[in-house]
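Encoded as C-alpha cells, the structure appears first; notes follow it.
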C-alpha cells in the first residue's frame with residue numbers, strides 16, 4: 009500500500025499541524041480523514057465541505073459556529089445547500105468534548121437523517137482545557153477537576169465512559185463505527201464507508217500526549233495498545249448489522265492492558281485491586297461487543 | 026401609526042402580530058425557517074409551515090432540540106447564502122445565548138422575531154420587554170413594533186438593513202406577546218411585486234460564499250485552535266461591528282424607511298417616531314405597543330391644553346441618539362416608561378441627554394411587567410406627575426407604577 013501522507017493530495021492538509029504537539033494522534037487522524045475525504049471527492053467530482061475544530065484537529069477559516077455546535081451547523085448548511093441545489097459531501101471532524109456539549113444537536117441531526125459524516129477524535133477529555141473530564145473519559149483516569157480525581161473517581165463513584173457510537177446507532181445513524189489509526193486498513197475502510205452511508209459517525213481512538221501523560225514518541229505505541237489490550241474494541245454497525253472488525257484475544261490481553269495503563273501518568277495511581285477491576289472492565293466491554301455481534305451481527 | 030395612503034394594488038386584511046410576521050417572512054421569500062416551540066411566538070413558525078404546505082413558500086424547516094441549536098443552524102444557513110427566519114422569546118432566547126453572540130460578531134444577518142414573554146421565575150407566559158432588552162449589548166439591530174402592520178413593515182425593512190453589505194448584522198423584530206402577537210389588526214398587505222422591488226434577494230458579500238470557495242486552499246491553512254494568540258485583530262473587528270451598528274446602520278435605517286414610504290405610502294419614523302413633541306414640556310418615551318396608549322393620552326391631554334408629546338423608540342439598537350436629542354430639545358421633563366425591571370429606557374435617555382444644553386430632567390417609571398395592565402389612566406397619572414415636576418423642577422426620579430384600576434368616568 010502506498011504510504012499515507014505521501015500522495016498528491018498532501019498540500020490539502022500539510023499545514024494542519026501548525027503548533028500541535030509533535031506526534032499528536034488527533035492531528036494524525038485528522039490528516040488521514042481529510043486525505044480520504046479528498047480522495048473520495050476526486051473520485052466523485054464533488055468537493056467536500058469540512059466543519060469542526062479541536063486541539064489536535066486544528067481549525068480553519070470555515071469555522072462557522074460556536075463550540076459544541078457542529079451538528080446543528082451541518083443541519084443549517086445542508087438546508088441552505090438543498091435550497092441552492094448544491095450536492096456535496098459534508099464532514100464534521102471534532103473532539104469528544106464537542107459531542108457532550110452538543111449532544112442535543114448530535115442526536116437531532118442523526119435522528120433527522122441529515123446526510124453527513126461525523127468523525128470524532130476521541131482523546132477522552134477536554135485536553136486543551138486543563139485535561140478536564142468529558143463523558144468519554146475512561147474508567148479511573150485522573151482528571152484535574154474531580155474532587156477525588158487522584159483516585160479517578162467522581163464523588164466516590166467509578167464511572168464508565170460514555171459510548172456515543174453506540175448511542176447514535178439507536179438515534180438514526182445509518183453507519184457507526186469505532187476506529188484507530190493503529191489499524192490503518194480498517195480505518196480507511198470505515199471512513200470510506202462512512203462517506204457513502206450517511207448519516208454516519210466514526211469514533212476514533214486518539215490518545216493525548218499532554219493529558220494522558222506519556223512521552224511524545226509513544227503515541228503510535230499507545231494507540232496500538234489501546235486496541236490490542238481490548239480497551240478500544242473495533243467494530244462497525246451498518247445496514248448489514250454489527251460486526252467486530254478485529255477479534256479480541258481473551259488470552260493474554262492482561263499483559264497488554266497493564267502495559268497500556270502503566271505507560272500513562274493518568275493511571276499512575278492505580279493499585280493491584282484497580283488493575284483487577286480494569287481487567288474485568290475490559291472483559292465487560294468486549295462481552296458487550298460480542299453480544300451485539302451475536303444479536304445484531306451481519307450474516308456470514 | 027400614520028397610515029397615509031394605500032397603494033392601488035395593496036389590500037387590507039385582518040392579521041395578528043404573529044401572522045403579520047409570518048406573512049412578511051413569506052413575502053421576503055425566506056428559504057430556511059427555524060422552528061422551536063414557545064408561546065406566544067410559535068405561531069409564526071406554524072404559519073410559515075402551513076404556507077409551505079400550501080405551496081406558497083419554497084423553504085426548508087430547521088426543527089432541532091432547542092433554540093441554541095436552531096439559531097446556530099440559522100446562522101450557518103445564512104452564511105451559506107440563504108435568507109432565514111426564526112421566532113422565539115424569553116427562555117428560548119436565553120437558551121440561544123451562545124449563538125446570539127456568534128451572529129453579530131460573525132457578521133451574519135439573520136432575523137429573529139420576538140413576541141415578548143416575561144422571564145421566569147415565577148412561571149408566566151405573559152408579556153414584558155425584559156427578554157430582548159438584555160441583548161442590547163451584543164450588537165444586534167433591535168426593533169420594537171407597535172402593532173401587526175408595524176411588525177410586517179419593520180420585518181421587510183430589517184431584512185433590507187441587516188443584509189446590506191455595509192451593515193451585515195442580525196436583527197430582532199419584537200412586539201408584545203399576546204397584546205400584539207394574538208390581537209387582530211387591520212393590515213395593508215402589499216403585492217409580492219412591490220415587496221420584491223423593495224427587498225432584493227439576499228446575496229452574500231463577494232468572496233464569502235462557502236459554496237463558492239477553493240476549500241482545499243482554505244484547508245491547507247488550518248491552524249492550531251489557539252484563539253487567544255490567533256486573533257490579533259480582535260479589537261479592530263469589534264470596532265468595525267460597532268461602527269456598522271452605531272454609524273452605518275443608523276443611516277441605512279433612515280434610508281430604508283424613506284424608501285419604504287415611497288414604495289408603500291406609509292411610514293412611522295426611521296429610528297424613532299415623534300408625536301406632538303414640537304413644543305412639549307413633557308415627552309413620554311416608550312417602546313412598542315405602549316405607544317398606542319401614549320398617543321391617545323397625549324391627544325386627550327393636548328385637548329386639555331397640556332404641552333405633552335410622545336417619542337416612540339422604534340429602534341433600541343442602534344440607539345436613536347440624534348432623534349432623542351432633537352425631540353427632547355425643548356422639554357423640561359422626559360418620562361421613560363420601561364416595560365422591563367432594569368430601567369433601560371431611563372438609562373439610555375440619561376446617557377443621551379447628559380451634558381446637553383438645558384438638558385431636561387429624566388424620570389423613569391417601571392410599568393406593566395408580567396402582563397400587568399397599564400391603562401390610559403395609569404399613563405395620564407404619570408404624565409400629570411411629570412407635568413408637575415416640569416412646573417416645580419422636582420420629581421421622583423425612579424419609581425415602579427403598579428396598575429391602579431379606575432373607572433374612566
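Protein chains in written order, with our numbering: chain A, 9 to 308; chain B, 26 to 434. Just so it is clear, CB atoms sit at the ideal spot from N, CA and C, and this is done for glycine as well. In this text the structure is predicted, and so the values were computed from the model without any measurement.
Next item on the list: Take residue 325 of chain B as the anchor and find which of B/404, B/395, B/312 and B/281 has the nearest alpha-carbon.
Entry: Position 300 of the second chain, counting from 1, holds the residue named residue 325 of chain B. Of B/404, B/395, B/312 and B/281, the residue nearest in Cα terms is B/404.
Next item on the list: Could you pull out every residue in the same chain whose Cβ sits closer than 6 Å to the Cβ of residue 149 of chain A, ignoring the five residues on either side in sequence?
Entry: Position 141 of the first chain, counted from the first residue, corresponds to residue 149 of chain A. Hits under 6 Å: 160 and 274.
Check: How many angstroms separate the CA atom of residue 51 of chain A from the CA atom of residue 178 of chain A?
Finding: Along the first chain, one-based indexing puts residue 51 of chain A at 43. Along the first chain, one-based indexing puts residue 178 of chain A at 170. Each residue's alpha carbon lies about 31 Å from the other.
Next item on the list: Could you check the C-alpha separation between residue 97 of chain A and residue 46 of chain A for me, to the nearest Å?
Entry: For the purposes of this step, residue 97 of chain A is identified with residue 89 of the first chain, where counting begins at 1. For the purposes of this step, residue 46 of chain A is identified with residue 38 of the first chain, where counting begins at 1. Going by the C-alpha atoms only, they are around 10 Å apart.
Next item on the list: Can you check the segment 172-197 of chain A for any alpha helix (DSSP H) of at least 4 residues that lies completely inside it and give the ranges in chain order?
Entry: 172-177
Notebook entry, point to check: Taking the alpha carbon of residue 59 of chain A as the point to measure from, which residue in A/81, A/132, A/185 and A/281 has its own alpha carbon closest?
Noted result: As a working note, residue 59 of chain A is residue 51 in the first chain. Minimum Cα distance to residue 59 of chain A is reached at A/81.
Next item on the list: Could you tell me which residues DSSP pairs with residue 424 of chain B in its beta bridges?
Entry: Taking the second chain and counting its residues from 1, one reaches residue 424 of chain B at position 399. Bridge partners of residue 424 of chain B: B/390.
Margin query: Quick check on residue 4 of chain B: buried or exposed, where buried means 16 or more other Cβ atoms within 10 Å of its Cβ?
Written below: With chain B running from 26 to 434 in the structure shown, residue 4 of chain B is simply not present.
Notebook entry, point to check: What is the DSSP secondary structure of residue 31 of chain B, reduced to helix, strand or coil?
Noted result: To locate residue 31 of chain B, count along the second chain from 1; it is residue 6. In this prediction, residue 31 of chain B has a pLDDT of 48, which is less than 50 and means its spatial position is unreliable; what the coordinates show is noted afterwards. DSSP places residue 31 of chain B in coil when its eight states are reduced to three.
Check: On the premise that residue 314 of chain B lies in contact with residue 171 of chain B, defined as a C-beta separation below 8 Å, what is that separation, rounded to the nearest angstrom?
Finding: Translated into the one-based positions of the second chain, residue 171 of chain B becomes position 146. Translated into the one-based positions of the second chain, residue 314 of chain B becomes position 289. Sure, about 5 Å apart at Cβ, within 8 Å.
Check: Where does residue 135 of chain A sit, in a helix, a strand or coil, going by DSSP?
Finding: The count along the first chain starts at 1 and reaches residue 135 of chain A at position 127. Three-state DSSP puts residue 135 of chain A in coil, outside helix and strand.
Check: Thinking just about the alpha-carbon of each residue, which of B/364, B/362, B/391 and B/415 is nearest to the one in residue 384 of chain B?
Finding: Locating residue 384 of chain B in the second chain gives position 359, counting from the first residue. Selected option, being the one with the closest Cα: B/415.
Check: Is residue 107 of chain B buried or exposed, if buried means 16 or more other CB atoms sit within 10 Å of its CB?
Finding: As a working mapping, residue 107 of chain B is identified with position 82 in the second chain. It is buried - the Cβ of residue 107 of chain B has at least 16 other Cβ atoms within 10 Å.
Next item on the list: Please classify residue 430 of chain B: does DSSP put it in a helix, a strand, or coil?
Entry: Within the second chain, the letter at position 405 stands for residue 430 of chain B. Coil.
Notebook entry, point to check: At a CB-CB cut-off below 7 Å, which residues of chain A make contact with residue 23 of chain B?
Noted result: Residue 23 of chain B is absent from the structure shown; chain B starts at 26 and stops at 434.
Margin query: Taking the straight line between their C-alpha atoms, what separation do you get for residue 90 of chain B and residue 33 of chain A?
Written below: The count along the second chain starts at 1 and reaches residue 90 of chain B at position 65. The count along the first chain starts at 1 and reaches residue 33 of chain A at position 25. Their backbone Cα atoms lie some 32 Å apart in a straight line.
Margin query: Using only the alpha-carbon positions, how far apart do residue 165 of chain B and residue 209 of chain B sit?
Written below: Here residue 165 of chain B refers to the residue found at position 140 when the second chain is read from its first residue. Here residue 209 of chain B refers to the residue found at position 184 when the second chain is read from its first residue. If you take the alpha carbons of residue 165 of chain B and residue 209 of chain B, they lie about 28 Å apart.
Note to self: Buried or exposed, going by whether 16 or more other CB atoms sit within 10 Å of the CB of residue 211 of chain A?
What the structure shows: Counting from one through the first chain, the residue named residue 211 of chain A turns up at place 203. Counting Cβ neighbours within 10 Å, residue 211 of chain A comes out buried, since at least 16 surround it.
Next item on the list: Please determine, among B/191, B/114, B/187 and B/135, the residue with the shortest C-alpha to C-alpha distance to residue 158 of chain B.
Entry: On the second chain, position 133 is the one that residue 158 of chain B refers to. Checked all of B/191, B/114, B/187 and B/135; the closest Cα to residue 158 of chain B is B/114.
Note to self: Taking the alpha helix (DSSP H) that residue 73 of chain A belongs to, which residues open and close that run?
What the structure shows: On the first chain, residue 73 of chain A is found 65 positions in, with the first residue counted as 1. No alpha helix (DSSP H) contains residue 73 of chain A, which DSSP labels as neither H nor E.
Note to self: So, with DSSP's three-state summary, where would you put residue 230 of chain A?
What the structure shows: Taking the first residue of the first chain as 1, we reach residue 230 of chain A at position 222. Residue 230 of chain A: helix per DSSP, three-state reduction.
Check: If you check the beta carbons only, do residue 242 of chain A and residue 191 of chain A fall under 8 Å apart?
Finding: Residue 242 of chain A sits at position 234 when you count from the first residue of the first chain. Residue 191 of chain A sits at position 183 when you count from the first residue of the first chain. Closer than 8 Å, so yes.
Checklist line | Interface positions of the segment 91-123 of chain B facing chain A (Cβ-Cβ less than 9 Å), listed along the chain | finding: 91, 93, 94, 95, 96, 97, 98, 99, 100, 101, 102, 103, 104, 105, 106, 107, 109 and 123
Next item on the list: Pull up the CB-CB distance for residue 31 of chain A and residue 229 of chain A, whole angstroms please, since I reckon it's below 8 Å.
Entry: Against the first chain, residue 31 of chain A aligns to sequence position 23. Against the first chain, residue 229 of chain A aligns to sequence position 221. In fact, because the Cβ distance is near 10 Å, the residues do not count as touching under 8 Å.
Notebook entry, point to check: Does residue 127 of chain B have its Cβ less than 8 Å from a Cβ in chain A?
Noted result: As a position in the second chain, residue 127 of chain B is number 102, starting the count at 1. Yes, contact with chain A.
Checklist line | Buried versus exposed, by CB contacts within 10 Å (16 or more), residue 394 of chain B | finding: By one-based count along the second chain, residue 394 of chain B stands at place 369. Burial call: buried.
Check: Per DSSP, residue 300 of chain B is paired with what?
Finding: Position 275 of the second chain, counted from the start, is the residue given in the question as residue 300 of chain B. Its beta-bridge partners are B/335.
Notebook entry, point to check: For residue 291 of chain B, which of B/244, B/389 and B/175 has the nearest alpha-carbon?
Noted result: Translated into positions along the second chain, residue 291 of chain B becomes position 266. Selected option, being the one with the closest Cα: B/175.
Notebook entry, point to check: What are the start and end residues of each continuous beta strand (DSSP E) run of 3 or more residues lying completely inside the segment 55-109 of chain B, in chain order?
Noted result: 57-60 and 85-88
Checklist line | Identity of the residues DSSP links to residue 210 of chain A by a beta bridge | finding: Within the first chain, residue 210 of chain A is the residue found at index 202, counting from 1. Paired residues: A/127 and A/185.
Item checked: Closest Cα partner of residue 41 of chain B within the set B/222, B/213, B/232 and B/361 -> The residue given as residue 41 of chain B occupies position 16 in the second chain. Of the listed residues, the one whose Cα sits closest to residue 41 of chain B is B/213.
Item checked: Cβ neighbour criterion (16 or more within 10 Å) applied to residue 429 of chain B -> Reading the second chain from its first residue, position 404 is the one you call residue 429 of chain B. Counting Cβ neighbours within 10 Å, residue 429 of chain B comes out exposed, since fewer than 16 surround it.
Checklist line | Contacting positions in the segment 91-102 of chain A - beta carbon closer than 7 Å to chain B | finding: 91, 92 and 94
Next item on the list: Determine the extent of the beta strand (DSSP E) in which residue 160 of chain B is found, giving its start and end residues.
Entry: Translated into positions along the second chain, residue 160 of chain B becomes position 135. Unbroken run through residue 160 of chain B: none, as it is neither H nor E.
Checklist line | Given 8 Å, three or more beta-carbon pairs between the segment 84-95 of chain A and the segment 232-248 of chain A | finding: no
Notebook entry, point to check: Between residue 365 of chain B and the rest of its own chain, which residues show a CB-CB distance below 7 Å, the 5 nearest in sequence each way excluded?
Noted result: The sequence position of residue 365 of chain B within the second chain is 340, counting from 1. Excluding positions up to five away in sequence, the list reads 153, 154, 155 and 158.
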